[in-house]
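Here's the structure we're looking at; comments come further down.
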Amino acid sequence: MRQKGPLKQFDEFDAWSFSRLGESIRSEDVKFDFPRLASDENILASHVESWEVSGRINAKSESVIRFKGRFTAELSCVVCDSGVQHAIDFDRHLILMTSEAQADGYDEDTLDEDTDVVACPGAINLRDWLEDEILLACPMFPKHDACAEEAGRSWREEGADIEDTDDHQDDTADGPTQEVQRPFANLSDLLKKSKK
Ligand SMILES: [Zn+2]
3 MRQKGPLKQF DEFDAWSFSR LGESIRSEDV KFDFPRLASD ENILASHVES WEVSGRINAK
63 SESVIRFKGR FTAELSCVVC DSGVQHAIDF DRHLILMTSE AQADGYDEDT LDEDTDVVAC
123 PGAINLRDWL EDEILLACPM FPKHDACAEE AGRSWREEGA DIEDTDDHQD DTADGPTQEV
183 QRPFANLSDL LKKSKK
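All residue numbers in the sequence shown are consecutive under this note's numbering, ending with 198.
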């Protein structure tokens with residue numbers, strides 16, 4: 003057998019042993035590029051300041067991977083299309099399940115908002131996974147405060163005649179709501195692809 007610790011295996015990262023061993027990896031120790039972050043047309047500029055991936059076994063004996071970090075991004079405002087600066091902290095705990103069926107059957111009502119369940123049937127590309135978490139942390143409808151106010155005003159003035167009004171519910175999602183491709187959909191593809 004080749005001697006390769008889990009820390010060396012970023013392309014075929016073994017999240018299960020990583021969490022069992024309580025390992026962690028930080029941006030101070032490993033440099034990753036994030037090509038999708040760089041090429042996303044809605045992200046005008048971005049800088050990942052720091053990240054940490056750590057593993058543990060929780061009180062219910064489940065394997066958990068935590069993604070934590072901070073980045074700044076200039077995102078395209080949904081109202082005026084020019085850049086709006088965001089400093090974004092992310093901190094997500096992902097409980098690993100060996101199959102999609104197990105992950106789907108998990109009672110997510112028992113989880114807090116920072117915790118999710120993912121199917122992780124085999125090795126996974128850690129860099130891609132981290133990048134997914136960073137993309138997921140981006141606000142879905144970035145906008146300048148002034149633009150949000152302006153848009154809120156014009157919607158109120160135009161009343162119920164405007165299309166899409168029944169789709170916006172609160173201040174986090176009051177842009178015209180469209181079918182947004184959730185980055186998470188890609189994560190499950192990624193997990194499937196990584197299955198040997
Ligand atoms: Zn704007």
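Every residue, glycine too, gets a C-beta built ideally from N, C-alpha and C.
In this text, all values refer to a predicted model and were calculated from it rather than measured experimentally.
Tell me which residue opens and which closes the beta strand (DSSP E) that residue i is part of.
i: leucine 23; result: From DSSP, leucine 23 is part of no beta strand (DSSP E); its letter is neither H nor E.
i: alanine 214; result: No statement about residue 214 is possible, as the shown extent of the chain runs from 3 to 198 and does not include it.
Does the distance from the C-beta atom of residue i to that of residue j stay below 9 Å?
i: leucine 113; j: alanine 75; result: no
i: valine 86; j: lysine 33; result: no
i: phenylalanine 36; j: arginine 129; result: yes
i: aspartate 118; j: histidine 95; result: yes
i: valine 120; j: methionine 99; result: yes
i: glycine 24; j: serine 63; result: no
i: histidine 88; j: cysteine 140; result: yes
i: glycine 91; j: arginine 72; result: Per the sequence presented here, residue 91 reads as aspartate, with glycine not at that position. Taking 9 Å as the Cβ cut-off, aspartate 91 and arginine 72 qualify as a contacting pair.
i: tryptophan 53; j: arginine 28; result: yes
i: serine 65; j: alanine 125; result: no
i: glutamate 51; j: asparagine 127; result: no
i: aspartate 42; j: leucine 132; result: no
i: asparagine 44; j: serine 84; result: no
i: aspartate 116; j: aspartate 134; result: no
How would you write the range of the alpha helix (DSSP H) that residue i sits in, first residue to last?
i: aspartate 31; result: Per DSSP, aspartate 31 belongs to no alpha helix (DSSP H) and is neither H nor E.
i: leucine 239; result: Within the shown structure, residues of the chain are numbered from 3 to 198, placing residue 239 beyond reach of any answer.
Pick out every residue whose C-beta is nearer than 5 Å to a heavy atom of ligand 1: which are they, in chain order? Cys79, Val81, Cys82, His146 and Cys149
Just to confirm the assignment: which complete alpha helix (DSSP H) runs, minimum length 4, are found wholly within the stretch 57-110? 102-106
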